[in-house]
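Take a look at the structure set out below.
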Amino acid sequence: MARRLPSIKETKKERPGFKDSFAAFRLIPRFAREIWKTSSSLFLINMITRLINAFSPVVVLWIGKLIIDEIIGIVNSGSEDYTILWNYVLLEFLIVLLTDVLGRVITLTDGLLGDLYANSSSVAIIQKTKEIGISQLEDAVFYDKLERARTQTTGRVNLMSNILNQFQSLISIGSLIAGLIFFEPVLIVILVLSVIPSFINEIRFSSASYSLARSWTAERRELDYLRYIGANDKTAKEVKLFGLTDFLSDRFSRLSDEYYRLNKKLAVQRTAWGGFFNMLGVLSYYGAYILIIYRVLTGMITIGELTFLSGSFNRLRNALQGFFGRFTRITESALYLKDYFDFIDMETPPPVKDPLPIPDPIKEGFEFRNVWFSYPGSSHHVLKNVSFRIKAGEKMAFVGENGAGKTTLIKLLLRFYEPQQGEICLDGININRFERETYQQVFGVIFQDFLRYEFTLRENIAVGRIEDLPDLERIKRAAELSLADDVVRELEEGYEQQLGRRFKKGKDLSGGQWQKIALARAYMKDARVLVLDEPTAALDAKAEFEVFERFIGLTRGKTSVIISHRFSTVRMADRIIVLKNGEILEEGTHEELMENDQLYAELFSLQASGYQ
Ligand SMILES: Nc1ncnc2c1ncn2[C@@H]1O[C@H](COP(=O)(O)OP(=O)(O)O)[C@@H](O)[C@H]1O
Ligand SMILES: [Mg+2]
Numbered sequence: 013m014a015r016r017l018p019s020i021k022e023t024k025k026e027r028p029g030f031k032d033s034f035a036a037f038r039l040i041p042r043f044a045r046e047i048w049k050t051s052s053s054l055f056l057i058n059m060i061t062r063l064i065n066a067f068s069p070v071v072v073l074w075i076g077k078l079i080i081d082e083i084i085g086i087v088n089s090g091s092e093d094y095t096i097l098w099n100y101v102l103l104e105f106l107i108v109l110l111t112d113v114l115g116r117v118i119t120l121t122d123g124l125l126g127d128l129y130a131n132s133s134s135v136a137i138i139q140k141t142k143e144i145g146i147s148q149l150e151d152a153v154f155y156d157k158l159e160r161a162r163t164q165t166t167g168r169v170n171l172m173s174n175i176l177n178q179f180q181s182l183i184s185i186g187s188l189i190a191g192l193i194f195f196e197p198v199l200i201v202i203l204v205l206s207v208i209p210s211f212i213n214e215i216r217f218s219s220a221s222y223s224l225a226r227s228w229t230a231e232r233r234e235l236d237y238l239r240y241i242g243a244n245d246k247t248a249k250e251v252k253l254f255g256l257t258d259f260l261s262d263r264f265s266r267l268s269d270e271y272y273r274l275n276k277k278l279a280v281q282r283t284a285w286g287g288f289f290n291m292l293g294v295l296s297y298y299g300a301y302i303l304i305i306y307r308v309l310t311g312m313i314t315i316g317e318l319t320f321l322s323g324s325f326n327r328l329r330n331a332l333q334g335f336f337g338r339f340t341r342i343t344e345s346a347l348y349l350k351d352y353f354d355f356i357d358m359e360t361p362p363p364v365k366d367p368l369p370i371p372d373p374i375k376e377g378f379e380f381r382n383v384w385f386s387y388p389g390s391s392h393h394v395l396k397n398v399s400f401r402i403k404a405g406e407k408m409a410f411v412g413e414n415g416a417g418k419t420t421l422i423k424l425l426l427r428f429y430e431p432q433q434g435e436i437c438l439d440g441i442n443i444n445r446f447e448r449e450t451y452q453q454v455f456g457v458i459f460q461d462f463l464r465y466e467f468t469l470r471e472n473i474a475v476g477r478i479e480d481l482p483d484l485e486r487i488k489r490a491a492e493l494s495l496a497d498d499v500v501r502e503l504e505e506g507y508e509q510q511l512g513r514r515f516k517k518g519k520d521l522s523g524g525q526w527q528k529i530a531l532a533r534a535y536m537k538d539a540r541v542l543v544l545d546e547p548t549a550a551l552d553a554k555a556e557f558e559v560f561e562r563f564i565g566l567t568r569g570k571t572s573v574i575i576s577h578r579f580s581t582v583r584m585a586d587r588i589i590v591l592k593n594g595e596i597l598e599e600g601t602h603e604e605l606m607e608n609d610q611l612y613a614e615l616f617s618l619q620a621s622g623y624q
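If you want it as structure tokens, here you go:
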């Protein structure tokens, strides 16, 4: 497949300009508030130690000047009194010692704050994902945003220490500048002229590299995916059998080489220009140095002041360069911060205004009235003018070929999506008049693509009603009902057995065993409506029959919906709806449909003959 990759020119087009870079700075106060919230005491300790350490360079330089002038004074006068000199030396020693200790406190609190913030932002992302509609989660643009927010945790932690460093550096710079202005204001002018160009250069390149990374989100996702398929226990069987390794690695190399090429170009340019502007800085330093030496020779300043000034100038140049370098790094990561906040601020479906209470018990049941539906971003109607009822206490079954729209029906019933036309009612009330979460609590649902959690077996069942995780009796009962207790008996560690292969001592199960466990989840909660969307496809015919016999027996008088391909199961339902291409073809009991002698009867005979 030929695929177009965004070239460097194209990434330039969508590159955030200076304006965007600076706009991202506005997020920093909010960022600081979030860090403050993780631990105000650590944050305070960090800030205070930084504040103290910020003055250390200028103070040490100043004491250095005093020491040298004192020595020269002593030498010139032949005095024997060294008390002041030794006091200066002691003072400098103590300050250097203190700076070192405080520096360690800063590193420590930086690290701890970083850990806390990484944790709290990860939790925020997980929590936010909960509020987001399924339809948004399935959207590619949205997914990219989530991906950026999720993977940039370390970037945000670095951003934090950069910002804190910047605060400290700003104060250091201020104090050094004050010293220089006092003795030699011209030096400041030289400095500014030498540092500004390299600063502008840095910003230019940092926004370029950000937009390159950003415009490649989709490709990096593909790279991750290829890496996953290429080297993974779950895919190994097919990949080996089909001999896909070379295909996958070629595809991977093609993508990653292109990215490497673009990235390299940028990195080389950045280094070259950076080196050039840095030379300007070195030149200016020597210019300033000559100026100061000249002042000493003409007796305008002392030797001590010479060391102070040249030391301050050099320090200041480094500090400014550090400051601007950090500034661009902050700009870069602040743009990533924007992705994170964009995600956290994403609009979620608004809460229902004046929600109605859910009927309890359900009297009439559910009704689909002329429902039309297509997935977001697609014009294909998956459901076309669908109308039917699920009466309270009734066992409904849906049959139909793959892609007929059965799962979509369930997703609409559960309010994961809204129909474009028509309405879905519960006891005559449109379901969007209920509070979404409360409404969804009415259902116990096991989907076709249920999750195989790499947790213990006990936890795998308890997810059906996680607050009952400590209630082993309830979990055991659910396992008996779904026949999962057979699985438990085979496992050495029973309910505490770790499942899956990702973690130590994990045991993987067969598809059918997983399905029994997933089914047990449905029995965990006393749901008023049970929905099973083909969760038994991997069970053999006999096991599925048993499972459903039990299910039907247990749910007597309860509303339930089953989707299955096995007619031996389907025929147990009170009423059956046959779907084809998003339309209802037939509806009735097994006997009625057989009499009708259309698709249902045809498929039933087909399958029945297969079993004979
Ligand atoms: N998330 C989705 N986005 C877009 N189209 C989808 C999505 N899920 C399913 N479809 C499409 O909707 C149709 C019905 O799918 P589905 O309801 O899963 O069928 P069934 O469960 O009967 O096999 C299919 O054509 C499928 O391709
Ligand atoms: Mg389906």
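Numbers in the working numbering are just positions in the sequence shown, counted from 1, shifted up by 12. Just so it is clear, CB atoms sit at the ideal spot from N, CA and C, and this is done for glycine as well. Here the structure is a predicted model, which is why all the values come from computation and not from measurement.
task: Give the range of the beta strand (DSSP E) segment to which R583 is assigned.
output: From DSSP, R583 is part of no beta strand (DSSP E); its letter is neither H nor E.
message: Let me check you understand the geometry: is the CB of T419 closer than 8 Å to at least one non-hydrogen atom of ligand 2?
response: Checking every heavy atom of ligand 2 against the Cβ of T419, one is found closer than 8 Å.
- prompt: Taking 8 Å as the cut-off, does the CB of E546 come closer than this to any heavy atom belonging to ligand 2?
  reply: At least one heavy atom of ligand 2 is nearer than 8 Å to the Cβ of E546, so yes.
field: Proximity of F378 and L591 at Cβ, strictly below 9 Å
entry: The answer is no: Cβ separation not under 9 Å.
Unbroken alpha helix (DSSP H) run spanning M172, endpoints: Element bounds for M172: 165–195.
task: Decide if the segment 74–86 is in contact with the segment 297–313; the criterion is three or more beta carbon pairs, one per stretch, under 8 Å apart.
output: no
field: For R15, the three-state DSSP class (helix, strand or coil)
entry: Because the pLDDT at R15 is just 43, under 50, the model does not fix this residue reliably, and the value given afterwards should be weighed accordingly. In the structure shown, R15 adopts coil according to DSSP, grouped into three states.
field: Helix, strand or coil at S572 according to DSSP, with G and I counted as helix
entry: strand
Same chain, Cβ closer than 6 Å to R464, neighbours up to 5 away in sequence not counted: W526
task: If I'm right that T340 touches I215 with Cβ under 8 Å, what's the distance once you round it to whole angstroms?
output: At roughly 5 Å, the Cβ-Cβ gap stays under 8 Å, so T340 and I215 are in contact.
- prompt: Would you say S572 reaches chain C, if we count a Cβ-Cβ gap shorter than 9 Å as a contact?
  reply: Protein chain content of the structure displayed is limited to a single chain, and chain C is not contained in it.
- request: Please say whether G506 and A555 have beta carbons closer to each other than 9 Å?
  value: no
- request: Quick one: residues in its chain with C-beta nearer than 8 Å to the C-beta of F400, no 5 flanking neighbours on either side, listed in chain order?
  value: E379, F380, I589, I596, E599
- request: Would you list the residues sitting across from N442 in a DSSP beta bridge?
  value: C437
message: Is it the case that the segment 503–519 contacts the segment 426–433, given that we only count it when at least three CB pairs across the two stretches are under 8 Å?
response: Contact between the segment 426–433 and the segment 503–519 is absent, because fewer than three Cβ pairs lie under 8 Å.
S3 versus L349: straight-line alpha-carbon distance, rounded: Outside the shown range of the chain (13 to 624) lies residue 3, about which nothing can therefore be said.
- prompt: Which residues share a DSSP beta bridge with T468?
  reply: Q510
message: Give me the residue from L347, E603, L176, R42 with the minimum Cα distance to L54.
response: Measuring from the Cα of L54, the nearest candidate turns out to be L176.
- prompt: Excluding the five sequence neighbours on either side, which residues of its own chain have a C-beta within less than 7 Å of the C-beta of I402, listed in chain order?
  reply: Sequence-distant Cβ neighbours of I402 in its own chain, meaning closer than 7 Å and more than five residues away, are G377, F378, M408, T571, V573.
message: What does the alpha-carbon distance come out to for the pair S386 and I575?
response: 21 Å
query: Of the residues L495, H392, L424, which one's Cα is nearest the Cα of A534?
result: Nearest neighbour of A534 by Cα position, chosen from L495, H392, L424, turns out to be L495.
E46 classed as buried or exposed, judged by whether at least 16 other C-beta atoms fall within 10 angstroms: buried
- prompt: What residue does the beta strand (DSSP E) around K365 start on, and which one ends it?
  reply: For K365, no beta strand (DSSP E) encloses it, and the DSSP letter there is neither H nor E.
task: Indicate whether the contact test is met: 3 or more Cβ pairs, each with one atom in the segment 294–303 and one in the segment 314–331, closer than 8 Å.
output: yes
query: DSSP three-state call for D372: helix, strand or coil?
result: coil
- prompt: Should L630 be listed as close to ligand 1, given that the test is whether its C-beta is under 8 Å from any heavy atom?
  reply: Shown here, the chain extends from 13 to 624; a query on residue 630 therefore has no answer.
- prompt: In chain order, what residues of the same chain have a beta carbon less than 7 Å from the beta carbon of A491, not counting five sequence neighbours either side?
  reply: Sequence-distant Cβ neighbours of A491 in its own chain, meaning closer than 7 Å and more than five residues away, are I473, D497, V500, A532.
- request: Could you tell me if F446 is buried or exposed, where buried requires 16 or more neighbouring beta carbons within 10 angstroms of its beta carbon?
  value: buried
message: Could you compute how far the alpha carbon of L521 sits from the alpha carbon of F462?
response: Rounded to the nearest whole angstrom, the C-alpha separation of L521 and F462 is 14 Å.
- prompt: DSSP on M358, reduced to helix/strand/coil?
  reply: coil
message: Tell me which residue opens and which closes the beta strand (DSSP E) that G377 is part of.
response: 377–385
task: Between the Cα of S265 and those of A404, R232, L292, F560, spot the shortest distance and give me the residue it belongs to.
output: R232
Residues near S147 by beta carbon distance below 6 Å, same chain, minus five either side: P388, Y429
field: I370 CB to nearest heavy atom of ligand 2 below 8 Å
entry: For I370, the CB stays at least 8 Å from every heavy atom of ligand 2.
task: With a threshold of 8 Å, establish whether the CB of I215 neighbours any heavy atom of ligand 2.
output: no
query: With contact counted as at least three CB pairs below 8 Å, one residue from each stretch, are the segment 285–299 and the segment 199–213 in contact?
result: Cβ pair count under 8 Å is three or more, so yes.
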